[in-house]
Structure formats: C-alpha cells, structure tokens
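Asker: These protein sequence lines are chains E and W, in that order.
Just so we're aligned, residue 1 is where the first sequence starts under full-length UniProt numbering, counting upward by one.
Just so we're aligned, residue 1 is where the second sequence starts under full-length UniProt numbering, counting upward by one.
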Amino acid sequence: MAEPLIRMDGVHVAYNGDIMVLQGIDLDISRGQVTGIIGPNGAGKSTVLKTIFGLLQVKSGSLSLNGRDISRLKAHERALEGIAFVPQNRATFADLSVEDNLLLGCWPFRRDKARIARALESVYARFPILKEKRRDMARSMSGGQQRFVEIARALIVEPDVILLDEPTAMIAPKISKEIYALIRQLADDGATVVLVDQNVRQCVNVSDRLYVLELGRNKAQGSRDDFASDTQLRDLVAEWVNYKIDH
Amino acid sequence: MTADLLLQGLINGLILGLIYSLIGLSLNIIFGVLRVVNFAHGEFIILGAYAAYFLQRLLGLSPFLAMPVIFVMFALIGWALYFVLVKRLARSDDPETASLLVMFGLSITLGALMLFFFEADARSLDYMLEPPFLMFGNIVIPTTRLVALAITLVITGITAWFLYRTFPGKALRAVIMNRSAVATVGIDVEKLSAMTFGIGLGFAGVTGVLLAMIFPAFSPFAGADYTLIGFIIIVLGGLGHPIGALVGGLLFGVTEQVTVVLADNSVALLVGFALMIAVIFFRPSGLFGRQQLR
Chain E
1 MAEPLIRMDG
11 VHVAYNGDIM
21 VLQGIDLDIS
31 RGQVTGIIGP
41 NGAGKSTVLK
51 TIFGLLQVKS
61 GSLSLNGRDI
71 SRLKAHERAL
81 EGIAFVPQNR
91 ATFADLSVED
101 NLLLGCWPFR
111 RDKARIARAL
121 ESVYARFPIL
131 KEKRRDMARS
141 MSGGQQRFVE
151 IARALIVEPD
161 VILLDEPTAM
171 IAPKISKEIY
181 ALIRQLADDG
191 ATVVLVDQNV
201 RQCVNVSDRL
211 YVLELGRNKA
221 QGSRDDFASD
231 TQLRDLVAEW
241 VNYKIDH
Chain W
1 MTADLLLQGL
11 INGLILGLIY
21 SLIGLSLNII
31 FGVLRVVNFA
41 HGEFIILGAY
51 AAYFLQRLLG
61 LSPFLAMPVI
71 FVMFALIGWA
81 LYFVLVKRLA
91 RSDDPETASL
101 LVMFGLSITL
111 GALMLFFFEA
121 DARSLDYMLE
131 PPFLMFGNIV
141 IPTTRLVALA
151 ITLVITGITA
161 WFLYRTFPGK
171 ALRAVIMNRS
181 AVATVGIDVE
191 KLSAMTFGIG
201 LGFAGVTGVL
211 LAMIFPAFSP
221 FAGADYTLIG
231 FIIIVLGGLG
241 HPIGALVGGL
251 LFGVTEQVTV
261 VLADNSVALL
271 VGFALMIAVI
281 FFRPSGLFGR
291 QQLR
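(1) Between Lys170/W and chain E, is the shortest Cβ-Cβ distance under 9 Å, so that the two count as touching?
(2) Taking CB distances under 9 Å as the criterion, tell me whether Ser215/W reaches chain E.
(3) Is the CB-CB distance between Val196/E and Ser46/E below 9 Å?
(4) Hey, which unbroken runs of the beta strand (DSSP E) at 3 residues or more fall wholly within the region 38-106 of chain E?
(5) Which of helix, strand or coil does DSSP assign to Ala120/W?
(6) Kindly give me the distance between the Cβ atoms of Leu236/W and Phe252/W, rounded to whole angstroms, as I take these residues to be in contact under 8 Å.
(7) In terms of alpha-carbon separation, which member of Ser229/E, Val193/E and Val161/E lies closest to Arg78/E?
(8) Can you tell which of Leu228/W, Phe39/W and Ala148/W has its C-alpha closest to the C-alpha of Leu14/W?
(9) So, does the CB of Leu293/W fall closer than 9 Å to a CB anywhere in chain E?
(10) Any idea what DSSP makes of His41/W, helix, strand or coil?
(11) Going by other Cβ atoms of all chains shown within 10 Å of its Cβ, with 16 needed for buried, is Leu113/W buried or exposed?
(12) Using 10 angstroms around the beta-carbon of Lys174/E, count the other beta-carbons present and answer buried if the total reaches 16, otherwise exposed.
(13) Which residues does DSSP list as the beta-bridge partners of Tyr15/E?
(14) For Leu47/W, which of Phe83/W, Met128/W and Leu110/W has the nearest alpha-carbon?
(15) Quick one: Cα of Ala49/W to Cα of Leu125/W, how far?
(16) Let's see if you can read the secondary structure: which residues bound the alpha helix (DSSP H) around Phe252/W?
(17) Whose C-alpha, out of Ala75/W, Ala80/W, Pro168/W and Met67/W, is nearest the C-alpha of Ile151/W?
(18) Please work out which residues of its chain come closer than 7 Å, Cβ to Cβ, to residue 298/W, disregarding the five sequence neighbours upstream and downstream, and give them in chain order.
(19) Note down the Cα distance separating Ala152/E from Gly186/W, rounded to an integer number of angstroms.
(20) Helix, strand or coil for Leu293/W per DSSP?
(21) What are the residues that DSSP puts in a beta bridge with Gln221/E?
(22) The alpha helix (DSSP H) spanning Met135/W covers which residue range?
(23) Below 7 Å on C-beta distance, what does Asp100/E contact in chain W?
(24) Determine the chain W residues that contact Pro87/E at a beta-carbon separation under 8 Å, and present them in chain order.
(25) Could you tell me if the beta carbon of Phe197/W falls within a distance shorter than 8 Å of some heavy atom in the ligand COA?
(26) Do Leu63/E and Asp9/E count as a contact pair if the criterion is CB distance below 9 Å?
(27) Run through chain W and tell me which residues come within less than 8 Å of His76/E, C-beta to C-beta.
(28) Going by other Cβ atoms of all chains shown within 10 Å of its Cβ, with 16 needed for buried, is Met170/E buried or exposed?
(29) Per DSSP, Asp28/E is paired with what?
(30) Are the CB atoms of Thr184/W and Ala154/E nearer to each other than 9 Å?
(31) Span of the alpha helix (DSSP H) holding Ile141/W?
(32) Given a limit of 9 Å on CB to CB distance, which residues of the region 89-118 of chain E reach chain W?
(33) For Arg35/W and chain E, any beta-carbon pair shorter than 9 Å?
(34) Pick out whichever of Arg135/E, Ile116/E, Asp136/E and Tyr180/E has its Cα sitting closest to the Cα of Glu158/E.
(35) So if DSSP puts Leu164/E in a beta bridge, which residue, or which two residues, is it bridged to?
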C-alpha cells in the first residue's frame with residue numbers, strides 16, 4: 001500500500017498546555033482523495049486540521065508529510081511545504097480587493113511575476129465570478145463569494161493537500177452545493193482534500209474515506225461505501241444526539 | 001487681517017499636521033499589526049533629534065543626509081527590540097495593557113537615560129537655509145518648514161506606495177485586518193511584525209529630525225508631548241488605520257495652529273483634546289476606524 005501523504009500517529013494536542021483535546025489520534029490521508037472527518041461538537045475535528053497546518057503544536061505522537069516529520073515546522077513553513085488551510089472563521093482581508101486577497105496567496109512565489117499571472121488565470125478560470133469582481137473590496141461580497149475567495153487563495157499555490165474546515169457553514173444552500181461539487185472535482189483532478197463538516201450526509205457523499213472522532217479519540221473509520229447505508233448514518237447521528245444529552 | 005491670520009494658521013497647520021501624521025502613522029501601524037501601544041514613541045522621536053545632532057557634531061552630516069542614516073539605524077534598533085521585548089508583549093493574553101505598562105516604563109527609562117547622557121540643556125540643529133523666509137502677501141512661511149513639508153510629502157508618498165502597491169505592504173495591511181488569517185497564506189507573521197516595529201521606529205527617528213528642524217530646541221523630556229499628540233491623532237483617525245493617521249494628523253495640525261494664531265499657544269493642546277473628545281463622542285472608533293477593531 002502506498003505511503004499516505006499525511007500520517008498522524010498517536011497525536012496528542014493540548015490547549016493552554018494541559019487541556020488535552022486530541023488524545024492519541026491516528027489518521028492516514030491518501031493522495032488524490034477526499035478524507036472526511038466527522039463527529040459531534042468538541043470531538044476535535046477542527047483541532048486536527050489546525051494541528052496539521054501548524055496552528056497548534058503536537059504534544060506527543062508524530063505527524064508526517066510525505067514521510068517527513070513536520071511536527072516542528074511553523075504554520076507558514078508548512079504552507080511552503082504544500083499544505084493549504086481554509087479555516088472556518090472568515091479569512092478574507094475585508095479592505096483589500098478580491099485580486100489583492102488572491103495575490104497574498106502567491107506570497108511563497110511573490111517575486112515570480114510570470115507564475116503569479118498564470119496562477120491568477122488558473123483560479124479565475126475555475127471561479128469566473130472572482131474575475132468579474134476582482135476589483136471589488138472583499139467586504140462587499142456575500143459570505144459564499146468570500147468563501148470562494150478563501151478557497152481560490154488556498155488553491156492558487158497548487159498545494160499538495162487542502163484542509164477545509166466547515167466550508168459550507170453559514171453559506172446559502174445554492175453556494176454550498178457548488179462548494180461540494182468543487183471539492184469532488186478537485187479530488188477527481190488529483191488534489192488531496194481533508195474535509196471537516198457538520199453536515200454528515202454531504203460529507204459522506206463527497207468523501208472517499210471517513211474518520212469519526214469523539215472526545216479527541218478515533219471512534220470509527222472506513223470508506224464511503226462503509227458509511228453509505230442510511231441505517232448506519234442514522235445510528236451515528238442518533239448516538240451523537242444521545243451523547244449531547246448524556247454529557 | 002483676521003483672514004490673513006486664519007490663512008497663516010491653516011498653512012502652518014497643514015505643514016505641521018502632515019509631519020504629525022508621520023507620528024500617528026508609525027504608532028498606528030505598530031498598534032495595528034502588533035496590538036502594542038508604544039508609549040515610548042515620543043522618546044524615540046527625541047532620540048532621532050539627538051542622533052541628528054550628534055551626527056552633525058561628530059561627522060559633520062547635515063540633517064538632510066542624516067535622515068536616511070537615522071531611518072536605517074532606528075529600523076535596526078526596532079528590529080532588535082522586537083525580538084528582545086516586543087514579541088513577548090505581542091504574545092501576551094492582553095497585549096494592549098501589557099504593552100501600555102511596559103512601554104510607559106521604557107519611556108521613563110529612555111527619558112532618564114537621555115537626561116543622564118545628554119543633560120537637560122535644550123539643543124538645536126545648526127543649519128540655515130537661504131532665504132530663511134518666503135513671503136506670499138502677508139503670509140510668511142519659514143523655508144525650513146517648506147523643506148520639511150516636501151520631505152514629509154516624499155516620505156508619505158513612499159509609505160503609501162509601500163502599503164498599497166507592494167507585497168510586504170499589503171501583507172502588513174492584511175495583518176491589521178485579519179491577523180489570524182495571515183498565517184494561512186504562508187506569511188511569516190513574526191518576521192513581518194519585526195519589520196513593522198523596525199519601520200515604526202525608523203519613522204520615529206526621521207520625524208524627530210524633521211521636528212528638530214522646525215522647532216528651535218529639543219530636550220530629553222519633550223518626548224511625552226509627541227506621544228500624546230500621536231495618540232490624539234490615532235484616536236481621531238481610527239486605531240490601526242494608515243489613512244486615518246494622515247487625516248487625523250492634518251486635522252489636529254490645522255486645529256492646533258489655527259488656535260495658536262487666533263487665540264493662544266497654551267490653548268492649542270486643549271482644543272486638540274476637545275476635538276478628540278468630540279470625535280470619541282460621535283464616532284468612538286475614529287473617523288476611519290471600524291467597530292470590529294478591538
């Protein structure tokens with residue numbers, strides 16, 4: 001079996017030094033696939049993405065990209081290594097134009113004007129609305145359009161892996177549908193995507209492989225087919241609801 | 001005659017206001033990027049004036065040639081100071097309060113050190129421009145002020161070009177707008193922060209030379225006044241907003257100088273404060289500030 005692009009092995013992560021939020025997570029992210037991470041609130045899904053991107057430090061365990069340990073690299077160094085992250089919170093720069101927002105994504109190769117021009121053309125081809133609104137301030141755009149800016153900015157560096165944290169949260173259903181289609185398209189084009197999503201059904205539909213987390217630990221994992229039956233999904237959601245009531 | 005006085009005050013105000021805006025601009029980008037309240041900014045301005053004084057006395061360097069030297073010197077000091085002190089403040093849970101206290105301490109320390117090394121006597125830069133004054137009807141403008149205005153315009157133009165046209169400048173503005181998002185585009189926020197503090201102190205040094213050219217004398221404890229003016233300007237313009245600093249500086253400069261010619265020198269700062277309070281009352285986030293800025 002091929003070496004996974006990203007491997008987390010027994011990863012522990014703590015907030016403020018001692019509040020343990022990930023307690024020995026194991027995760028293999030395969031190339032060219034969408035890997036979905038689902039689970040109830042507080043399961044540690046977003047923490048996994050922040051840890052892979054370097055916004056949170058690994059306390060113990062190992063984290064590797066292409067077989068190389070990256071646990072000591074800072075976030076901007078991981079971005080240079082080919083990891084892109086679209087956080088759940090708004091990540092556009094409100095008083096910069098759409099094009100300037102995208103240009104900042106070109107920071108790693110900012111002195112290469114020809115590459116910047118090519119990168120812009122490439123994202124404009126995928127997101128025509130951004131080309132149309134490239135001179136507009138980001139703040140003047142709708143929430144969904146700003147999400148496109150964030151995703152386009154992450155894609156502009158042609159990353160090895162793109163981490164998406166709740167990309168459709170607070171987004172209109174029509175745009176959400178486009179985002180899920182885009183995620184599937186990216187993987188079909190060979191990109192590697194890690195998706196954290198509260199919308200379990202959509203996440204299962206779009207992912208090739210899924211991990212279920214609970215209280216910072218692995219609970220289940222499997223392919224989309226393993227998760228595809230409605231009975232299993234219902235059981236899963238029912239269990240989370242009980243979990244919320246019990247706790 | 002009153003119209004002439006008013007025009008004189010207006011012109012003086014525009015010239016001084018633009019120079020003051022450099023104080024506000026440097027304080028503002030430091031605050032915007034680092035959330036650090038540099039209460040020692042005025043002392044660095046006075047240190048800039050002393051640096052020009054000693055470069056002239058010891059090396060015979062004119063204040064004009066001293067400016068780029070002082071900018072580089074102070075930028076390097078700022079870069080180093082960031083890693084020694086400011087980085088820890090910026091990382092604290094409450095950087096505003098922590099930096100306010102520490103920088104206030106640094107301000108007192110720098111004032112005391114200047115007093116110890118340079119003594120309390122007021123110093124002046126030794127240079128003369130010909131002709132010393134230019135007359136436009138009843139309006140008198142010292143040549144020094146016009147030259148200082150030209151230099152300030154050049155500095156403001158370069159700064160605007162840097163902030164709005166270059167990658168590092170846009171990144172710096174991006175940090176002000178959304179600090180947490182900047183790391184996601186692969187920018188080394190720490191390096192950018194060090195650069196910002198360096199640029200901020202570089203500006204402070206150059207502003208010190210400009211002010212020493214305009215006002216006849218400077219002494220170790222004049223820094224507090226400039227810090228105060230800087231804070232009035234950024235409250236007027238809006239915390240963390242570069243254009244706000246420019247407008248705030250002009251507004252304060254014109255108000256101050258018009259008050260000087262129409263009323264009294266001692267009332268000028270009072271009117272400046274009244275203007276600040278009025279802006280806080282009607283627009284708490286400043287003229288260009290946004291409510292989401294903490």
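Note that beta-carbon positions come from the ideal geometry of N, C-alpha and C, so glycine has one too.
Note that the coordinates shown come from a computational prediction; the quantities given were computed from them, not determined experimentally.
Answerer: The relevant details are as follows:
(1) Closer than 9 Å: yes.
(2) According to the sequence displayed, residue 215/W carries Phe and not Ser. False, the Cβ-Cβ gap to chain E never drops below 9 Å.
(3) yes
(4) DSSP runs (the beta strand (DSSP E)) wholly in the region 38-106 of chain E: 60-65 and 83-86.
(5) Ala120/W falls in the coil class under three-state DSSP.
(6) Going by Cβ atoms, the distance from Leu236/W to Phe252/W rounds to 6 Å, so yes, they are a contact pair.
(7) Val161/E
(8) Ala148/W
(9) Confidence in Leu293/W is poor, its pLDDT being 43 and thus under 50, which makes the residue's placement unreliable; the coordinate value appears in the next sentence. Not one chain E Cβ lies under 9 Å of Leu293/W.
(10) Per DSSP, reduced to three states, the secondary structure at His41/W is helical.
(11) exposed
(12) exposed
(13) Ile19/E
(14) Leu110/W
(15) One C-alpha to the other measures close to 8 Å.
(16) Pro242 to Leu262
(17) Met67/W
(18) Residue coverage of chain W in this structure runs from 1 to 294, which leaves residue 298/W outside it and unanswerable.
(19) 14 Å
(20) The predicted position of Leu293/W is uncertain, since its pLDDT is 43 and thus under 50; a value taken from the coordinates is nonetheless stated next. DSSP places Leu293/W in coil when its eight states are reduced to three.
(21) DSSP, once it has assigned bridges, lists Tyr211/E as partnering Gln221/E.
(22) Counting along the chain, no alpha helix (DSSP H) covers Met135/W; the unbroken beta strand (DSSP E) around it starts and ends at Phe133 to Phe136.
(23) Lys170
(24) Ser180, Ala181 and Thr184
(25) Summarising the ligand content, the structure contains no ligands, and the ligand COA is consequently not present.
(26) yes
(27) Chain W residues near His76/E: Ala183, Gly186, Ile187, Asp188 and Val189.
(28) exposed
(29) Arg7/E
(30) yes
(31) From DSSP, Ile141/W is part of no alpha helix (DSSP H) but of the beta strand (DSSP E) over Ile139 to Pro142.
(32) Asn89, Arg90, Ala91, Thr92, Phe93, Ala94, Asp95, Leu96, Asp100, Asn101, Leu103, Leu104, Gly105, Cys106, Trp107, Pro108, Arg110 and Arg111
(33) no
(34) Ile116/E
(35) Val86/E and Leu195/E
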